[in-house]
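So the structure is just underneath, and the comments pick up after that.
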Amino acid sequence: MSGLLLSVTFFVSCQKDILNAPASDNQASGRLALTSGGIPTNPYYVLDSIGKPTQIFRETINSTTLKNRMKTSYEPTRTLPTGYYVAPNQTFTIDVNLDQGSTLPKVQIGTHSRNHAYSYNPPIHNLSTGTNTITANADGGIIWITYEQPTGTSTAPNSSSTISFSGNISRIPVYIKNSTTQTDWQNQLSTFQTATDVLMVGQHVYMVYAKNLHAAVPTQNNNLILDNADSVWNNHYNYAGLDNSSPQHMRPIIPHLMVQTEVPFGLYYAFFYRTAYANYDAQNVFGAPITTNWGVWHEFGHLMQMHPIDWDGLGEVTVNIFSLKAERALGITPTRLTKDNVWPQVQTYLNSTGTKNFDSQGVWVKLAMFHQLWLAYGDSFYTRLYRSVREDTGSYTSSDAKKKNFLLKACQFSGFDLTSFFQAWGIQDNSLNIYASIAALNLPTPPYDLSLQTDSYTPNPTVLIENGGIYHLVSAVNNSSVVDVNSHTPVNSTAVTLWSKSNPLSNNQKFLARKVTSTEYVFKSMADTTKVLDVQGGSATDGTPIIVYNLHGGNSQKWKVTDAGGGYVALKSAVGTNKSLDVRNGATSNGTVMQILTSSTSTAQKFKLIKQ
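Following numbering that gives the first Met the number 0, the numbering of the sequence shown begins with 0 at its first residue and continues without gaps.
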């Protein structure tokens with residue numbers, strides 16, 4: 000990175016030469032699934048009205064309020080499109096009729112980062128009811144409406160206005176995903192000659208770039224480009240637990256602005272209200288190569304970083320938790336960490352002698368630690384952690400407080416005391432007694448050394464099962480629910496089902512593993528150790544339920560533990576050939592029947608045996 004970039008890394012994100020995938024990646028195939036498959040909708044403006052002389056706009060939530068609710072570092076986009084452009088120093092007219100409520104809209108002339116450096120914000124003009132005469136500055140640009148609630152407003156947005164445009168303005172080409180036809184797009188490009196910029200609108204993105212960006216603009220597959228950007232955002236939102244289940248977990252509704260900048264700061268960057276992409280690489284963002292462009296996923300991820308858990312030095316690190324998620328969703332292999340040969344660097348660092356200091360390591364080595372947590376605990380680990388950050392009312396202002404917050408939450412949502420893992424990585428305690436606080440959680444230690452993991456190696460869990468060890472069996476269907484005996488005082492034939500993990504863990508969710516042959520175990524319920532996991536009636540028929548029954552040593556009670564990959568095991572029943580413990584239909588609801596079924600690679604047949 001340049002010295003200039005280093006001096007402002009608190010404010011601005013990365014340069015592509017470090018964080019973008021090599022050019023060869025652009026040849027990878029595949030793309031994410033569509034987010035909706037339909038025409039985008041938005042409650043704040045009417046898509047079909049963009050570019051028409053009269054349009055209706057509705058009040059939006061305040062962007063600062065939204066940032067604070069999401070616990071992110073940057074405010075999301077706050078502008079609504081009009082489809083119009085004004086040339087430099089030209090005057091035009093806006094007529095405003097306040098239809099409902101008391102908040103009036105404002106007008107912004109120009110697009111964030113389009114013609115100025117990263118921190119410049121285009122001029123915003125207050126509007127009043129009736130006729131407003133506006134004169135553009137020396138830049139001119141696309142005309143946007145901002146219609147935010149006043150800061151601190153606690154009620155739902157309820158204002159709306161009808162706005163009419165006239166005077167020295169011109170239309171810009173506008174492409175709306177799954178609505179605009181290719182013929183219409185080409186006609187707009189040839190007809191609307193005054194404006195230099197175009198706008199493409201998806202469900203989650205606005206794309207603003209120069210009309211003459213590259214030769215393929217008139218004929219490129221705009222739906223593919225918008226679908227990919229929308230889908231990456233959809234995956235980022237899902238990963239962060241933004242599922243609209245409550246006000247704390249509501250997604251932003253205004254699309255995120257992606258803009259080609261004529262005044263780059265680095266190559267790509269994220270800042271308040273936008274992500275920006277330098278003109279000399281913009282064809283890889285606003286063209287077909289976006290489908291495999293790590294840099295785009297990375298910049299989107301900056302808008303999702305959560306300040307209560309990002310301590311100093313993680314600005315260009317934790318953003319890539321989201322980039323790796325996008326990589327997985329695309330099916331791109333190997334991972335960036337493997338492809339860039341990061342794992343040998345990681346092992347050299349972890350095997351070094353003397354005092355280690357995680358905070359002094361480079362971006363990619365640091366990222367490997369966060370990826371190892373994913374390798375051990377899956378997507379649900381980060382989803383649950385991110386949700387908890389938004390729900391947390393605590394204040395974490397210092398870097399050490401943020402570090403402690405992350406480490407405690409990581410232990411909480413993994414279900415383990417990760418002290419040895421974090422100490423192996425050289426995460427220093429400093430002055431906040433982090434490790435004493437972790438110890439106070441009274442969690443078990445992990446069954447294997449998490450720091451040994453790489454993309455190609457996870458310790459085989461079958462060799463880690465201890466004869467006489469007590470375990471709970473976590474299902475891969477959601478990586479949180481466990482195998483449960485449906486009674487604290489079970490009798491013969493008590494059902495065994497899937498159930499949410501209790502806290503603290505109850506005896507009917509604990510099993511004692513006892514070896515009965517060289518390869519087979521019985522699993523005794525800690526609610527009553529005379530009862531063991533049993534295939535009802537000893538039947539080998541698919542769908543036969545699992546119960547507990549007095550130990551008798553028959554095949555219905557013998558289970559072979561085999562490696563299922565990624566730290567998971569499968570439990571093969573001795574009642575028949577190729578029959579495994581299975582969560583019926585892969586469901587996640589409490590009370591889902593545990594059964595035997597013909598063995599497969601389904602997550603319904605994968606479990607983690609977590610030692611107590």
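From the three backbone atoms N, C-alpha and C, an ideal C-beta is built for every residue, glycine too.
For this session: Could you name the residues of the same chain whose beta carbon sits closer than 6 Å to that of residue 563, not counting the 5 residues immediately before and after it, in chain order?
Result: Numbered from 1 along the sequence shown, position 564 holds the residue referred to as residue 563. Counting only Cβ-Cβ distances below 6 Å, and skipping sequence neighbours, we find 569, 605.
Problem set entry | Residues that residue 513 bridges to, as DSSP identifies them | Looking up residue 513 in the sequence shown gives position 514. Per DSSP, the beta-bridge partners of residue 513 are 521.
Exercise. Can you name the start and end residues of the alpha helix (DSSP H) that residue 224 belongs to?
Worked result: Position 225 of the sequence shown, counted from the start, is the residue given in the question as residue 224. Start and end: 221–238.
For this session: Look up residue 580 in the DSSP assignment and give the residues it is bridged to.
Result: Residue mapping note: residue 580 aligns to position 581 of the sequence shown, counting from 1. BP columns for residue 580 point to 595.
For this session: Measure how close the beta-carbons of residue 280 and residue 302 come, nearest whole angstrom, since I'm counting them as under 8 Å.
Result: Sequence index remark: in the sequence shown, residue 280 carries index 281 (1-based). Sequence index remark: in the sequence shown, residue 302 carries index 303 (1-based). Wrong, their Cβ atoms sit about 20 Å apart, outside the cutoff.
Exercise. What three-state label does DSSP hand residue 74 in the structure shown?
Worked result: For the purposes of this step, residue 74 is identified with residue 75 of the sequence shown, where counting begins at 1. Three-state DSSP puts residue 74 in coil, outside helix and strand.
Problem set entry | Distance, residue 547 Cα to residue 491 Cα | Position 492 of the sequence shown, counted from the start, is the residue given in the question as residue 491. Position 548 of the sequence shown, counted from the start, is the residue given in the question as residue 547. Each residue's alpha carbon lies about 6 Å from the other.
Exercise. Looking at the unbroken alpha helix (DSSP H) that takes in residue 129, where does it start and where does it end?
Worked result: For the purposes of this step, residue 129 is identified with residue 130 of the sequence shown, where counting begins at 1. From DSSP, residue 129 is part of no alpha helix (DSSP H) but of the beta strand (DSSP E) over 129–134.
Problem set entry | residue 393, buried or exposed, once every other Cβ within 10 Å from all chains shown has been counted against 16 | Working through the sequence shown from its first residue, we reach residue 393 at position 394. A residue is called buried once 16 or more other Cβ atoms fall within 10 Å of its Cβ, and residue 393, having fewer, is exposed.
Exercise. Comparing alpha-carbon positions, which option in 545, 574, 551 lies nearest residue 559?
Worked result: The residue labelled residue 559 in the question sits at position 560 within the sequence shown. Nearest of 545, 574, 551 to residue 559, Cα basis: 574.
Problem set entry | For residue 426 and residue 339, the rounded distance between their alpha carbons | Within the sequence shown, residue 339 is the residue found at index 340, counting from 1. Within the sequence shown, residue 426 is the residue found at index 427, counting from 1. If you take the alpha carbons of residue 339 and residue 426, they lie about 24 Å apart.
Exercise. Do you know how far the Cα of residue 388 is from the Cα of residue 191?
Worked result: Reading the sequence shown from its first residue, position 192 is the one you call residue 191. Reading the sequence shown from its first residue, position 389 is the one you call residue 388. A straight line joining the alpha-carbon of residue 191 with that of residue 388 spans about 47 Å.
Exercise. Contact check, residue 259 vs residue 215 under 8 Å by CB: the rounded distance?
Worked result: In the sequence shown, residue 259 corresponds to position 260, counting from 1. In the sequence shown, residue 215 corresponds to position 216, counting from 1. In fact, because the Cβ distance is near 15 Å, the residues do not count as touching under 8 Å.
Exercise. Checking contacts by CB at 8 Å: is residue 44 closer than that to chain C?
Worked result: The structure shown has no chain C; it contains just one protein chain.
For this session: Keeping to the same chain, check which residues put their C-beta closer than 7 Å to that of residue 591; ignore five residues upstream and five downstream.
Result: Within the sequence shown, numbered from 1, the residue matching residue 591 stands at position 592. For residue 591, where only same-chain residues beyond five positions count, the Cβ hits under 7 Å are 496, 497, 582, 583.
Problem set entry | Nearest to residue 78 (by Cα), restricted to the options 111, 422, 89 | Sequence index remark: in the sequence shown, residue 78 carries index 79 (1-based). Selected option, being the one with the closest Cα: 111.
Problem set entry | For residue 319, the nearest candidate out of 278, 348, 352, 364 (CA to CA) | As a working mapping, residue 319 is identified with position 320 in the sequence shown. Of 278, 348, 352, 364, the residue nearest in Cα terms is 364.
For this session: Would you grab the beta carbon distance between residue 199 and residue 236 for me? Rounded to a whole angstrom, and I think it's under 8 Å.
Result: Taking the first residue of the sequence shown as position 1, residue 199 is located at position 200. Taking the first residue of the sequence shown as position 1, residue 236 is located at position 237. Taking the Cβ atoms as the reference, residue 199 lies roughly 20 Å from residue 236, outside the contact range of under 8 Å.
For this session: Taking all protein chains shown into account, decide if residue 99 is buried (16 or more other Cβ within 10 angstroms of its Cβ) or exposed.
Result: Position 100 of the sequence shown, counting from 1, holds the residue named residue 99. Under this definition residue 99 is an exposed residue.
Exercise. With contact counted as at least three CB pairs below 8 Å, one residue from each stretch, are the region 54–71 and the region 118–135 in contact?
Worked result: Three or more beta-carbon pairs separated by less than 8 Å are not found between the region 54–71 and the region 118–135, which leaves the two stretches without contact.
Problem set entry | Distance, residue 221 Cα to residue 69 Cα | If you number the sequence shown from 1, residue 69 lands on position 70. If you number the sequence shown from 1, residue 221 lands on position 222. Computed Cα separation, rounded: 30 Å.
Problem set entry | In DSSP terms, what residue 484 is bridged to | For the purposes of this step, residue 484 is taken as residue 485 along the sequence shown, with counting starting at 1. Answer is 495, bridged to residue 484.
Exercise. Would you say residue 169 and residue 84 are within 8 Å of each other, going by their C-beta atoms?
Worked result: Translated into positions along the sequence shown, residue 169 becomes position 170. Translated into positions along the sequence shown, residue 84 becomes position 85. Yes, Cβ-Cβ distance for residue 169 and residue 84 is below 8 Å.
Exercise. Can you give the Cα-Cα distance for residue 87 and residue 333, rounded to whole angstroms?
Worked result: Working through the sequence shown from its first residue, we reach residue 87 at position 88. Working through the sequence shown from its first residue, we reach residue 333 at position 334. The alpha-carbon atoms of residue 87 and residue 333 are separated by roughly 49 Å.
For this session: Check each candidate in 212, 204, 197, 101 and name the one with the smallest Cα separation from residue 157.
Result: As a position in the sequence shown, residue 157 is number 158, starting the count at 1. Its Cα nearest to that of residue 157, the residue 101 stands out among 212, 204, 197, 101.
For this session: Determine the direct distance from the alpha carbon of residue 147 to that of residue 141, and round the result to whole angstroms.
Result: To locate residue 141, count along the sequence shown from 1; it is residue 142. To locate residue 147, count along the sequence shown from 1; it is residue 148. Distance between the alpha carbons of residue 141 and residue 147 is about 19 Å.
Exercise. Going by the beta-carbon positions, is the gap between residue 464 and residue 512 smaller than 8 Å?
Worked result: Position 465 of the sequence shown holds residue 464. Position 513 of the sequence shown holds residue 512. A contact, by the Cβ cut-off of 8 Å.
For this session: Take the Cβ of residue 32 as the centre, count every other Cβ of all protein chains shown within 10 Å, and call the residue buried at 16 or more, exposed below.
Result: In the sequence shown, residue 32 corresponds to position 33, counting from 1. At residue 32 the pLDDT is 35, less than 50, meaning the model places this residue with poor confidence and gives no usable figure here.
For this session: Starting from the Cα of residue 122, find the closest Cα among 132, 166, 108 and give me that residue.
Result: Sequence index remark: in the sequence shown, residue 122 carries index 123 (1-based). Scanning 132, 166, 108 for the CA closest to the CA of residue 122 turns up 108.
For this session: Mind reading off the beta-carbon distance from residue 163 to residue 56? Whole number of angstroms is fine, and I expect it under 8 Å.
Result: Taking the first residue of the sequence shown as position 1, residue 163 is located at position 164. Taking the first residue of the sequence shown as position 1, residue 56 is located at position 57. Contact doesn't hold; Cβ gap of about 12 Å is too wide.
Exercise. Thinking just about the alpha-carbon of each residue, which of 382, 95, 227 is nearest to the one in residue 411?
Worked result: As a working note, residue 411 is residue 412 in the sequence shown. Looking from the CA of residue 411, the closest CA among 382, 95, 227 belongs to 382.
For this session: Throw me the rounded Cβ distance for the residue 508 and residue 481 pair, which I believe falls under 8 Å.
Result: The residue labelled residue 508 in the question sits at position 509 within the sequence shown. The residue labelled residue 481 in the question sits at position 482 within the sequence shown. That belief holds up - the Cβ atoms of residue 508 and residue 481 are roughly 5 Å apart, short of 8 Å.
Exercise. Taking just the CA atoms, how far does residue 75 sit from residue 49?
Worked result: Locating residue 49 in the sequence shown gives position 50, counting from the first residue. Locating residue 75 in the sequence shown gives position 76, counting from the first residue. Spanning the two alpha carbons is a distance of roughly 21 Å.
Exercise. Among 167, 345, 136, 67, which residue has its Cα nearest to the Cα of residue 150?
Worked result: Your numbering for residue 150 matches position 151 in the sequence shown. Per the Cα distances, 67.
Exercise. Looking at the unbroken alpha helix (DSSP H) that takes in residue 364, where does it start and where does it end?
Worked result: Reading the sequence shown from its first residue, position 365 is the one you call residue 364. Residues 362–376.
Exercise. Between residue 186 and residue 207, what straight-line distance do the alpha-carbon atoms span, to the nearest angstrom?
Worked result: Taking the first residue of the sequence shown as 1, we reach residue 186 at position 187. Taking the first residue of the sequence shown as 1, we reach residue 207 at position 208. For residue 186 and residue 207, the distance between alpha carbons rounds to 18 Å.
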